[in-house]
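Protein chains in written order, with our numbering: chain Z, 266 to 344; chain R, 133 to 543.
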């Protein structure tokens with residue numbers, strides 16, 4: 266389904282910092298389970314409740330100032 | 133920690149290409165130089181600054197546009213900085229951030245620079261949210277130091293610091309046997325609880341001074357006693373006061389009508405100087421990170437000193453009790469500590485003040501028990517050289533725990 270603007274920017278964040286892996290070929294959109302897994306990896310690394318949902322705490326954490334380099338915290342994308 | 137790469141050499145050059153507009157240049161430079169020091173003090177790395185030409189590591193500030201970086205920044209907030217991994221060496225900071233030093237406002241340049249240098253040296257992001265190499269900025273910490281995970285990562289890359297490159301401070305950790313006092317001045321017993329001065333020094337080390345000797349106070353016990361002059365060459369014992377300022381990296385020692393200034397263990401040129409704007413024979417001194425000023429105490433009065441600006445002392449001394457509620461006059465020592473609180477010491481007791489500079493409930497408490505890890509039955513006589521055996525209680529996670537646990541036991 267189409268993503269809302271907040272979800273869009275969350276997916277951009279997860280992509281930018283290595284929680285989501287752009288598929289090497291094929292369509293740009295992501296399977297919901299990939300996004301859920303990426304969110305869970307981010308929440309766990311941020312010591313947030315691991316819900317897989319884009320809740321307020323997760324959004325707030327994504328707005329915090331940080332380093333521009335990727336995070337190696339999603340084992341799947343890290344591989 | 134995560135390793136992303138490593139330099140094949142350990143002696144690197146660096147060059148600061150430009151500086152942020154939000155900080156005085158000398159403060160910004162001090163912050164960047166200090167960032168290198170965090171890493172060179174735990175690994176056999178050296179960093180030599182070059183003013184022109186090529187350098188292994190190149191630090192610069194840019195914003196949305198940059199002629200030499202495709203990775204543009206996003207304005208204030210969000211991405212603060214980025215760096216390439218070895219052996220590329222570029223370290224870029226977002227010039228649109230409010231870069232600061234010594235304050236909770238804005239973004240602390242020293243801490244972010246240390247993080248980016250971690251990348252430039254080969255470290256990736258750490259999962260410990262309190263580690264320097266954590267991806268998200270955890271805010272300004274007045275007594276910042278590397279997290280064990282940061283140290284483990286850099287030593288995994290470059291090994292531990294080896295003996296010949298160890299600086300004087302490292303000597304504190306590895307005594308070459310009980311220090312032999314040059315003259316028979318009696319070695320104090322830390323369990324007497326009496327002090328000439330206390331100081332939270334560089335790298336978050338707590339120093340206690342009594343007579344001609346100094347020792348460190350750690351969460352797990354006391355360091356060995358050393359002659360003051362063995363560590364700070366040229367400094368006499370029996371000091372009146374000692375204070376370290378993270379803002380300037382200066383350590384000031386006071387005795388009689390003189391003041392000495394050191395950076396780490398090296399005396400600054402032109403010191404000691406005569407004290408002329410404040411009274412001689414001070415009692416204590418502390419640095420207060422909230423307003424970045426040094427406070428000097430004598431009798432019932434205090435002076436507030438801005439190290440970097442001409443201070444008008446004509447309205448001082450002011451009554452201690454006006455600002456530090458509940459503390460005794462004529463303290464023997466005072467310091468701001470890692471827990472953000474202020475401590476005053478007098479006789480065998482100490483007072484803990486909250487962030488509003490009010491003495492907290494349940495104080496004063498016993499210095500020997502809570503700070504010097506001594507049991508109640510330890511004799512408080514002056515021991516001769518070498519038989520100091522501070523009876524440290526069980527190694528607890530942090531001194532504050534010791535303070536609370538001991539006092540509750542006493543109660």
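Glycine included, every Cβ here is placed at the ideal spot set by N, Cα and C.
Beta-carbon proximity check, residue i vs residue j, cutoff 8 Å
i	j	result
residue 434 (chain R)	residue 455 (chain R)	yes
residue 330 (chain R)	residue 477 (chain R)	yes
residue 140 (chain R)	residue 182 (chain R)	no
residue 174 (chain R)	residue 283 (chain R)	yes
residue 185 (chain R)	residue 218 (chain R)	no
residue 226 (chain R)	residue 252 (chain R)	no
residue 392 (chain R)	residue 363 (chain R)	no
residue 457 (chain R)	residue 491 (chain R)	yes
residue 190 (chain R)	residue 234 (chain R)	no
residue 258 (chain R)	residue 133 (chain R)	yes
residue 332 (chain R)	residue 473 (chain R)	no
residue 326 (chain Z)	residue 313 (chain Z)	yes
residue 409 (chain R)	residue 445 (chain R)	yes
When the options are compared against residue i, the one with the closest alpha-carbon
i	options	result
residue 280 (chain R)	R:274, R:269, R:268, R:261	R:261
residue 451 (chain R)	R:430, R:441, R:470	R:430
residue 356 (chain R)	R:187, R:322, R:195, R:471	R:322
residue 506 (chain R)	R:325, R:425, R:391, R:409	R:325
residue 468 (chain R)	R:419, R:424, R:338, R:461	R:419
residue 298 (chain Z)	Z:310, Z:316, Z:312	Z:316
residue 399 (chain R)	R:412, R:383, R:287, R:258	R:383
residue 370 (chain R)	R:376, R:462, R:359, R:377	R:359
residue 275 (chain R)	R:191, R:249, R:388, R:337	R:337
residue 154 (chain R)	R:231, R:187, R:203, R:213	R:231
residue 187 (chain R)	R:461, R:149, R:365	R:149
residue 377 (chain R)	R:361, R:409, R:423, R:403	R:423
residue 293 (chain R)	R:266, R:494, R:177, R:504	R:177
residue 142 (chain R)	R:162, R:286, R:214	R:286
residue 229 (chain R)	R:446, R:493, R:195	R:195
residue 405 (chain R)	R:390, R:416, R:397	R:390
residue 397 (chain R)	R:205, R:365, R:436	R:365
Residues near residue i in its chain [Cβ-Cβ closer than 6 Å; skip 5 each side]
i	result
residue 314 (chain R)	In this prediction, residue 314 (chain R) has a pLDDT of 45, which is less than 50 and means its spatial position is unreliable; nothing more can be read from the coordinates.
residue 272 (chain R)	236, 240
residue 380 (chain R)	439
residue 136 (chain R)	217, 254, 256
residue 395 (chain R)	381
residue 166 (chain R)	242
residue 151 (chain R)	157, 160
residue 336 (chain Z)	282, 283
residue 479 (chain R)	none
residue 245 (chain R)	164, 167
residue 263 (chain R)	279, 281, 282
residue 322 (chain Z)	313
Beta-carbon proximity list for residue i, same chain, < 7 Å, skipping 5 on both sides
i	result
residue 339 (chain Z)	283, 284, 303, 306
residue 320 (chain R)	342, 343, 345, 514
residue 414 (chain R)	372, 373, 386, 428, 429, 430
residue 179 (chain R)	144, 146, 168, 172
residue 496 (chain R)	481, 482, 483
residue 411 (chain R)	430
residue 486 (chain R)	473, 492
Local conformation of residue i per DSSP, three classes
i	result
residue 303 (chain R)	Bear in mind that the predicted position of residue 303 (chain R) carries a pLDDT of just 34, short of 50, making it too unreliable to give a figure here.
residue 503 (chain R)	coil
residue 454 (chain R)	helix
residue 258 (chain R)	coil
residue 335 (chain R)	helix
residue 134 (chain R)	coil
residue 283 (chain Z)	coil
residue 181 (chain R)	strand
residue 333 (chain Z)	coil
residue 330 (chain R)	strand
residue 217 (chain R)	coil
residue 226 (chain R)	strand
residue 434 (chain R)	strand
residue 270 (chain Z)	helix
residue 171 (chain R)	helix
Close Cβ partners of residue i (< 8 Å) along its chain, the five nearest in sequence each way excluded
i	result
residue 327 (chain R)	340, 341, 342, 464, 465, 477, 499
residue 138 (chain R)	218, 253, 254, 289, 290
residue 324 (chain Z)	271, 275
residue 309 (chain Z)	315, 338
residue 348 (chain R)	304, 337, 338, 339, 340, 354, 355
residue 203 (chain R)	214, 224
residue 417 (chain R)	329, 373, 374, 375, 384, 386, 426, 427, 428, 429, 466
Is the number of C-beta pairs between the segment 327 to 335 of chain Z and the segment 198 to 218 of chain R that are closer than 8 Å three or more? yes
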